[in-house]
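One structure is given below, encoded as structure tokens.
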Amino acid sequence: MDFSMKNSKFVNKYFSELMDRSNAAPMEIIADGTQANENPAACYRGFGCVSANNSSRLLLDYKAEHPQAYEEIMRLLFQKNYGACLTHIKLELGADINSSSGTEPATKRSANEPADVTRGAGFQFAADAKAINPDITVDFLRWGEPGWVTHAFTISQENGLSARYRWYKETLDAAYAVYGLKFDYISADQNETDTPDEAWILYLRYRLDHETNAPYDYSKIKIIASDEVGSRNIAEQMVDNSVLRNAVDVIGLHYTTFGDSYTNLLNKAYGKEIWYSEGIAPCNVPELTVQADQSGLIGRNGPIDVANRIINSYYNGKMTMYEFQPAVASYYNGSCYSPKQLIRAWEPWSGHYVLDIGFWMAMHFSRFSQKGWMFINGACYGDGEEDHAITNTTHNFMTLTAPDRSELSMFFTNESEEPRIYNVQIKDMAFQDAALSTVITRGPSGRQSYDANWFQRGKTIRCSKNKHGIFTVKVPPQSIMTVTTLDTSWVNGVNTFSGIQPPSSARLTLPYRDRLEYTKEEICVRGCAPRYMTDQGGAFELIETAEDGYVICQRISRQILPTNWRFRGTPLPLTSFGDDKWHSYSAEVDVRLANLDENNFAGIGVRYNSAVTCEFSSMCGYTGRLYGDGSWKLMDMENVAAEGILSQVNPKEWNHLKLIVLGNSIFFFINGNFLTKYTPQCMINSGRVSLCSDYSWNMFRNIAVEPVRLQPLYVRRIDCFGDNILYNENWEIHAMESYMFYNRTSMEAKAGAEFSCTFEGTGISIIGTAKNAEFTVLIDGHTIYENFFVPSSLPRQACLILDQLPEGVHSMRVFLNHGEFRLDVLEIPEPYSRMTDTLMIPKEVRAEMTEEQQQEQYRRRFVADTMDAEAMLWHMEHPFTQPPEPEETEFPAEQPAAPESEHSDAESTENPVTAESEATESAAETEAALSDSEPASVPEEPAAPTATEESTADADDSAGLPEV
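The opening position of the sequence shown corresponds to residue 1347 in the working numbering, with each subsequent residue numbered one higher.
What follows is the structure in structure tokens.
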């Protein structure tokens, strides 16, 4: 992002609050060894993590396909004295409900089903972490619960409590039987309850204490309560009730650093630990936000804010552990609350992962302290205004010492524009005259890389002259700083782990096919989930059938619907997979419905890029559905774009669904019959593939995502904060935007707003939100659109798509004439398979283009110039007929094939780079399919997302039509 068009008045206005701060006098700190808090319930417990909400799902694909990368990620998180050194794991006890970012599968979907802990990622994740560090403690917590448990409470409280305990106990048994996993804690209540369930807590404690049929001593499992958010009701109840007080070992609080008089009393007088049992990991993307704030570290939900929460939680609430939710983000961008992580791992096909700023922030604490160290009262302090985030601070620091006072570490933050200076006096320690080493994370200087100054060794601090035991600590502006007696010689910035080389980021190249040819061992490793799939609703799992081998089955029926978490409903069953930078492709799948109910359906979708644009349904992109009564629908997000009825189809047999994305249009086929073409008002320009279902045991097989080479297959996605986008002064910067935006960044246009850029390619799309917006757009100095009106554009939709430009370098200027507009990203279509998210194609990428790729690119341009979507619709209406003009180059037509035999010779699920012959064959197949398919009755194109149509399609093979 380039603000060279902005004037100094705008910059000064944006940073006025920070720039107006004046220098403050040094603050005096006394680190007195006699003031170390020796209360065992107040000892430092380190960091924990929460694996929940589907956030670890894709790690199982890493484990199956990139085991070395998976092992490195796990070691960086859990190995002692190595990386983040996490000491505790909290798992979601899944219930097949969407607990914010996705579903965690239930271990018991019915009372008599044996507990299955191989479903999902959580239990395997914890077992692998324990293999790396056996001292890690493990806990689980429920968000929802299976329907059979809730139903038991309608009979009586005793039945309900017994059913819930059965769920818990049989899960504990199975975790030990399958993984040898012993649980140290159970978070007893429902996540973020506002009414702690005293009866259940006491019942659970009693049953654990008296359990005689267990593989280990369940009476040693400790109870955490009640994981409240914004309240501490459990503490008051514990003070008033000695039985409850004796039953609970740890008080868990979410998203607050403050305790109260009850929590303080329980900690000091009764030895109850207080944990920050769920807190965020940093949410910003520093390589982008550095453009806005010059550091990439400050602001709401940034790394300094999170570090302040860690520091303040002891000073304000005597909390001794902070649990990151999540530590590793192994779900797709577009999930609720993404991005938010220490480590980013959402490219399972490549094995690529990123050590984000949260990881290095955590290292500041975890590598310079140990579990069991003590806080030094009087040398811990934190202030600021708190509303989840902590802002407007003046001082934030924390001091820990080894039990024998032989080592000491201090942790400082500074969000301000001015340095913060401290005179630290060290008393009654074993090292009063020792030199102190420093490690500092701060933003770049000058033309440095955004991460050039992360986790770097600073200057050694020595005693002030003639002042025994007094050190002067100068904390740089906008920084995190560790001051320690421990060795720091190994610290080397982001190259600290120089021996680790994560696999390079890469696109999931097209074609992509999954014929579900898995071994039983691989299915176990994948947690029963198909390759690369993450569920937003329902449970899409691999099952083995006698007739068809492995198929994907949606396993949640209406008879076993679970009970939702109180803060979130669960969408209808939906899963997605693939690369959200796929652009021009077709998606197809065989579906078989479990019943002929008119409301039962199964379908496939394209261009799925967000689970949160439609907040409650999680629907996105364009979806073709087949229903039990033979009807079909084409959906645009949550809206019906077209619908009809097939006269000859049996939904309980295998039927072939196919969607083709071409230009600004979507084409829908069932069993080779063309049903409809639909052109949205605001196109979703790129995205993954999705599968959807009703709550029935509907099945899927033979997934194929094929390239449509009439247009570039992928997109380059450039964030609004990206380099070389120029803005005038009429914009407001949002460096911590809603997670509905790709990187939580946006530029909000005000009256007179203008932006411009120079890009390389054959087109560009403007992605952002708009309401009654009117634009003027210039390309290469020529007005392409004047007063172009966009009534509404949702997050991640394209306000404007410009394509069919000549290959080369172009300039674009965009003016907002009136209305509301927030720019999210720009997307440039491209044929390259290598990731290049820049406006201009780097020279090294261009050099990698082979002669074959150049020829294919020329062929694509030729076809695109001579046949657009309207011409293709003409071909559908006039099969086997040559258009009068212009003359077309003929391609060989695909031969007809029966639905059941089309995929009998299954291709490999591997996805190598496409050879020339395969590319030509794929393009020919696409054109032949679009040219030769004849609908039984041709529906008119819908004019708006809610428009509908009635049509029937004849599936009679005697018509001699090719299969699509």
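We put the beta carbon where it would ideally sit given N, CA and C, even for glycine. This structure is a prediction, so every number in the text was calculated from the model and none was measured.
For residue i versus residue j, is the C-beta spacing smaller than 8 Å?
| i | j | result |
| --- | --- | --- |
| S2042 | A1885 | no |
| S1508 | K1436 | no |
| G1392 | K1686 | no |
| G1839 | W1800 | yes |
| G1873 | L1406 | yes |
| T2163 | F2121 | For the sequence presented, residue 2163 should be read as Asn rather than Thr. In this structure, F2121 lies closer than 8 Å to N2163 by Cβ. |
| M1879 | G1379 | no |
| A1593 | R1646 | no |
| E1890 | Y1896 | yes |
| A1545 | W1494 | no |
| T1759 | N1742 | yes |
| Y1476 | V1463 | At residue 1476 the sequence reads Lys, which differs from the Tyr that was named. In this structure, V1463 does not lie closer than 8 Å to K1476 by Cβ. |
| T1969 | S2032 | no |
| K1568 | D1543 | no |
From which residue to which residue does the alpha helix (DSSP H) around residue i run?
| i | result |
| --- | --- |
| F1499 | G1493 to I1501 |
| Y1390 | Element bounds for Y1390: n/a, residue is neither H nor E. |
| A1627 | Here A1627 belongs to no alpha helix (DSSP H), and DSSP marks it neither H nor E. |
| K1813 | Here K1813 belongs to no alpha helix (DSSP H), and DSSP marks it neither H nor E. |
| Q1583 | N1579 to D1586 |
| F1777 | Note, F1777: premise wrong, no alpha helix (DSSP H); not H, not E. |
From the options, pick the residue whose C-alpha is nearest to that of residue i; which is it?
| i | options | result |
| --- | --- | --- |
| N1723 | L2059, I1950 and G1663 | G1663 |
| E1450 | A1467, Y2024, S1456 and Y1878 | A1467 |
| T1747 | I2147, S1755 and H1741 | S1755 |
| A1875 | E2190, S1402 and E1374 | S1402 |
| L1854 | R1938, N1812, E1867 and R1877 | R1877 |
| G1625 | W1719, P1632 and T1603 | T1603 |
| S1795 | E1893, D2069, F1469 and P1765 | D2069 |
| T1831 | T1496, R1788, R1713 and I1906 | R1713 |
| A1725 | E1732, I1657, H1734 and Y1973 | I1657 |
| F1711 | K1820, I1650, S1762 and E1732 | I1650 |
| D1332 | T1818, S1791 and M2158 | With the chain covering only 1347 through 2310, there is no way to say anything about residue 1332. |
| N2076 | F2167, S1446 and Y1562 | F2167 |
Looking at the secondary structure, which residues open and close the beta strand (DSSP E) in which residue i lies?
| i | result |
| --- | --- |
| C2103 | E2100 to E2106 |
| G1970 | Y1968 to Y1973 |
| E2166 | V2155 to E2176 |
| M1756 | L1754 to N1760 |
| Q1900 | G1895 to Q1900 |
| G1598 | V1596 to H1600 |
| A1987 | N1985 to I1991 |
| T1464 | Segment: none, T1464 is in no beta strand (DSSP E) and carries neither H nor E. |
Under 7 Å Cβ to Cβ from residue i, same chain only, skipping five residues before and after it: list those, please.
| i | result |
| --- | --- |
| L1688 | A1430, A1627, F1670, A1673, V1674, D1702, G1704, F1705 and A1708 |
| Y1616 | R1591 |
| N1610 | K1664 |
| P1694 | L1404, D1407, Y1408, E1411 and Y1878 |
What's the call for residue i, buried or exposed, on a 16-neighbour Cβ count within 10 Å?
| i | result |
| --- | --- |
| Q1536 | buried |
| W1836 | exposed |
| N2133 | exposed |
| R1808 | exposed |
| V1589 | exposed |
| L2307 | With a pLDDT of 27 at L2307, under the threshold of 50, the modelled position of this residue cannot be trusted, and the question is left open. |
| R2034 | buried |
| Q1994 | exposed |
| L2185 | buried |
| H1556 | exposed |
| T1921 | buried |
| Y1699 | buried |
Please go through the same chain and pick out, in chain order, the residues whose beta-carbon is closer than 6 Å to the beta-carbon of residue i, but skip the five residues on each side of it.
| i | result |
| --- | --- |
| F2067 | M1347, L1634, Q1637 and T2091 |
| S1752 | A1776 |
Ignore the nearest five residues each way along the sequence and tell me which others in residue i's own chain have a CB closer than 8 Å to its CB.
| i | result |
| --- | --- |
| R1578 | I1597, L1599, G1605, D1606, Y1608 and T1609 |
| N1385 | N1613, K1614 and G1617 |
| S1715 | Y1390, G1392, L1746 and S1755 |
| P2152 | T2108 |
| V2259 | Residue placement at V2259 cannot be trusted, given a pLDDT of 30 that sits under 50; what the coordinates show is reported in the next sentence. Only T1855 and S2179 meet the Cβ criterion. |
| A1523 | P1561 |
Looking at chain C, is there any beta carbon in it that lies within less than 8 Å of the beta carbon of residue i?
| i | result |
| --- | --- |
| C1874 | Structure shown: chain C not included; a single protein chain is present. |
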